[in-house]
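Some notes on the structure that comes next.
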Amino acid sequence: MTVAELQYALGMAGTVAFAATAVAAVAPKRIDLFGALVMGVITAIGGGTMRDLILDVPVFWSQDLNYIWVALAASLVAFIANKRMTGGEVYQAMLYLDAAGVALFAIQAAHKTMQLDFAQPLGPILLGIITAIGGGMLRDVLAGNQTLLMRKELYAVPVTVGCVAYVTLMAMFPTSGSISAGFCMLLIFCLRGAAIYWDLHVPSFLLTRPVSNK
Amino acid sequence: MTVAELQYALGMAGTVAFAATAVAAVAPKRIDLFGALVMGVITAIGGGTMRDLILDVPVFWSQDLNYIWVALAASLVAFIANKRMTGGEVYQAMLYLDAAGVALFAIQAAHKTMQLDFAQPLGPILLGIITAIGGGMLRDVLAGNQTLLMRKELYAVPVTVGCVAYVTLMAMFPTSGSISAGFCMLLIFCLRGAAIYWDLHVPSFLLTRPVSNK
Amino acid sequence: MTVAELQYALGMAGTVAFAATAVAAVAPKRIDLFGALVMGVITAIGGGTMRDLILDVPVFWSQDLNYIWVALAASLVAFIANKRMTGGEVYQAMLYLDAAGVALFAIQAAHKTMQLDFAQPLGPILLGIITAIGGGMLRDVLAGNQTLLMRKELYAVPVTVGCVAYVTLMAMFPTSGSISAGFCMLLIFCLRGAAIYWDLHVPSFLLTRPVSNK
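Protein chains in written order, with this note's numbering: chain A, 215 to 428; chain B, 215 to 428; chain C, 215 to 428.
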């Protein structure tokens, strides 16, 4: 298996995770199959679509429909599974797969943005974040859920740390792209994984003050 | 009247319906004239704008501002009418006009996507759905209403059935484009019309389980 | 200081205002630093990004990252300040700076759209409005707040009046672009400033009827 094949396999695994966790996230609101499929696909491809629109390049899924087929299949399975089992453990596993997807998509996006020499050095970081969390934000807005920007969960912070690290490493060691990319993906995955495992949240004293104090 | 003229007339009728039903949908929340005009225009052109951004072609209304003028006029009339009459019957008529607009815009979008040979065969279906329901979803998000993905109404399903049928028919009979398009528009309109007439909803057993069972 | 330098300075001041008022607007919901930075940047660059995607030109911040650095810095300061002081007066001052930003960004966008000869005469007005209020609408949607389209505040109306005036003046006096632009920015700022100062709202009889009357 080459690096490219590994990346592609990880990309598909991330797509599965994005779509399946999306269906699990909106299922408590009672959704039909069609809504589940749309939510799954939007979550899986939404962030990358925003990135490509801003970069003004063809949207990635128009060149490889496997991303959509896989998202549809994963949403379908998640919809059926949701009706048949409680799935606490499956959902937990999905969260880690989602973390892997976030790690991969963020660094891939930062890499793509760098290769296009777009708005360096902030562009790769911004588009890495948008790609990783944009689909989930669309899902939350369309489902009427609180977006992750308003939650205390550590989700976007690991992504940001990883993208900043990637841009920094690439500036310092421009010839070791693959190692930097691998390291930063691992960094995001470990930070996000730790947040899932220990249920880490942003501590209260780092938040703005509640309304009552105003 | 040629086929092109008929299509154009239907497009304008659909624009009227999209704008007017949008104003009617947000009116219960008390909205001023400016809000009504913006909501009407966004609903009427939002879906097609998303389609054209993804296709990377000039947005359709930049080439023919009649779409915006008509949306503004329809929103204005709907705003005034809303202040003066109860309009239950007018709204009912608008729903059928909206169904015609949805049918037309979905198949037009699928056709445009096919002509550009974009991401076949899934691209025409996805962009047909986005064009038909994208404007309404934007409206619901901006108005703070539940989006139609979370409602049990049969709205997006007829659109999807029609777009899938169109792509299938075009693959089987590539030379009978007009007949296929006409048939699929009629199919969407009849399915959506039946859902309005008999107030059809997605049956409960096809939904994900409610939260209380979790 | 040339006109171009003055415009640039005003653009940066507007960016500061957009980012800082965004953080102040979402702070009552308790947000962490990362959320504050993202909200600030999205609000500051969201409207102009939508404009550039529709115009199909490179997004403005990709050519000058100062817009993002300034938005980040302003968001950081606003986040820290929000934790340390009540800031009623600072917020009031920010509102006027925000009005100046809105005035500048709206007319700049209308001007850019005209120069590209895009969808005249409605295009410059539409994109002026989108640029001025698009970032704020994104912010409200992501924060789960009511969007300004549903509030009775006079915010978008001054922008619209100014953009319509600009397009009209440019059609009548095509050679006096700078004077028209300056006048229309001042017009928007004064109208919006008056709305802030006297807390003006859309009068009830201009609104659609409340639900209870239906």
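By construction, the Cβ of each residue, glycine as well, lies at the ideal position given by its N, Cα and C atoms.
When burial is assigned at 16 or more other CB atoms within 10 Å of the CB, is residue i buried or exposed?
i: residue 232 of chain B; result: buried
i: residue 322 of chain B; result: buried
i: residue 234 of chain A; result: buried
i: residue 280 of chain C; result: exposed
i: residue 387 of chain A; result: exposed
i: residue 412 of chain A; result: exposed
i: residue 313 of chain A; result: buried
i: residue 266 of chain A; result: buried
i: residue 324 of chain A; result: buried
i: residue 292 of chain A; result: buried
i: residue 425 of chain B; result: In this prediction, residue 425 of chain B scores a pLDDT of 48, lower than 50, which makes its location untrustworthy; the coordinate-derived value is nonetheless stated afterwards. So residue 425 of chain B ends up on the exposed side.
i: residue 487 of chain C; result: Outside the modelled stretch of chain C, which goes from 215 to 428, sits residue 487 of chain C, for which no answer is possible.
i: residue 345 of chain B; result: buried
i: residue 327 of chain B; result: buried
i: residue 307 of chain C; result: exposed
i: residue 389 of chain A; result: exposed
Output yes if chain B places a C-beta closer than 8 Å to the C-beta of residue i; else output no.
i: residue 331 of chain C; result: no
i: residue 244 of chain A; result: yes
i: residue 293 of chain A; result: yes
i: residue 371 of chain A; result: no
i: residue 355 of chain C; result: yes
i: residue 420 of chain C; result: yes
i: residue 230 of chain A; result: no
i: residue 350 of chain A; result: no
i: residue 241 of chain A; result: yes
i: residue 309 of chain A; result: no
i: residue 225 of chain A; result: no
i: residue 358 of chain A; result: yes
i: residue 414 of chain C; result: no
i: residue 382 of chain C; result: no
i: residue 399 of chain C; result: no
So residue i and residue j are in contact, right, with Cβ under 8 Å, and what is the actual spacing, rounded?
i: residue 284 of chain C; j: residue 240 of chain C; result: Not a contact, Cβ separation roughly 19 Å.
i: residue 255 of chain A; j: residue 248 of chain C; result: Residue 255 of chain A to residue 248 of chain C, Cβ: 27 Å. No contact.
i: residue 253 of chain A; j: residue 353 of chain A; result: 6 Å
i: residue 320 of chain B; j: residue 343 of chain B; result: 7 Å
i: residue 341 of chain C; j: residue 268 of chain C; result: 7 Å
i: residue 349 of chain B; j: residue 257 of chain B; result: 4 Å
i: residue 289 of chain C; j: residue 330 of chain C; result: Contact flag wrong, Cβ pair sits at about 31 Å.
i: residue 296 of chain C; j: residue 381 of chain C; result: That pair is no contact at about 39 Å.
i: residue 245 of chain B; j: residue 422 of chain C; result: 5 Å
i: residue 347 of chain B; j: residue 373 of chain B; result: 6 Å
i: residue 270 of chain B; j: residue 242 of chain A; result: That belief does not hold up - the Cβ atoms of residue 270 of chain B and residue 242 of chain A are roughly 37 Å apart, past 8 Å.
i: residue 356 of chain B; j: residue 361 of chain C; result: 5 Å
i: residue 274 of chain A; j: residue 276 of chain C; result: So it is not a contact: roughly 19 Å between Cβ atoms.
i: residue 311 of chain A; j: residue 227 of chain A; result: 6 Å
Please confirm whether residue i has its beta-carbon closer than 8 Å to some beta-carbon of chain C.
i: residue 261 of chain B; result: no
i: residue 268 of chain A; result: yes
i: residue 386 of chain B; result: no
i: residue 282 of chain B; result: yes
i: residue 249 of chain B; result: yes
i: residue 257 of chain A; result: no
i: residue 320 of chain B; result: no
i: residue 326 of chain A; result: no
i: residue 345 of chain A; result: no
i: residue 396 of chain A; result: no
Against chain A, does residue i count as a neighbour if the rule is that its beta carbon must be under 8 Å from one of theirs?
i: residue 276 of chain C; result: yes
i: residue 273 of chain B; result: no
i: residue 409 of chain C; result: no
i: residue 252 of chain C; result: yes
i: residue 376 of chain B; result: no
i: residue 221 of chain B; result: no
i: residue 279 of chain C; result: yes
i: residue 361 of chain B; result: yes
Chain D beta carbons: is any one of them nearer than 8 Å to that of residue i?
i: residue 337 of chain A; result: Among the chains of the structure shown, chain D does not appear; the protein chains present are A, B and C.
- request: Specify whether the region 405-413 of chain A and the region 363-382 of chain A touch according to this definition: at least 3 beta carbon pairs, one from each stretch, less than 8 Å apart.
  value: yes
Segment contact, 8 Å Cβ cut-off, at least three pairs: the region 218-227 of chain B with the region 326-337 of chain B: no
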